[in-house]
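What follows is a short report on a single structure.
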Amino acid sequence: MNTLQLINKEGYTIVQMNRGKVNAINFEMVQELRQVFGDIEKDDKVKGVILTGQPHYFSAGLDLIELVQYN
């Protein structure tokens, strides 16, 4: 994974967004989030998920530069 970091704990998983300064969400991150949450949904041992951002921000939202360039 290029934009996410997973930390598996007993009974829950921490999903950390880790994409640059403000964790702007791009298409790659969306694909990775879909994959991770799909995998977690199938894992009976995981009872909860914490979604967080690092190092200092949760997320600034969508990466508008990438969105504008997408055609």
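Numbering follows our numbering, in which position 2 of the sequence shown is assigned residue number 2; successive positions increment by one, without gaps. Ideal placement from N, C-alpha and C gives every residue a C-beta, glycine not left out.
Between T3 and I40 the beta-carbon gap is near 16 Å, outside 8 Å, which marks them as no contact. Inter-residue distance for G11 and L64 is about 35 Å (C-alpha atoms, whole angstroms). Per DSSP, reduced to three states, the secondary structure at K9 is strand. The C-alpha of K9 lies about 15 Å from the C-alpha of V36.
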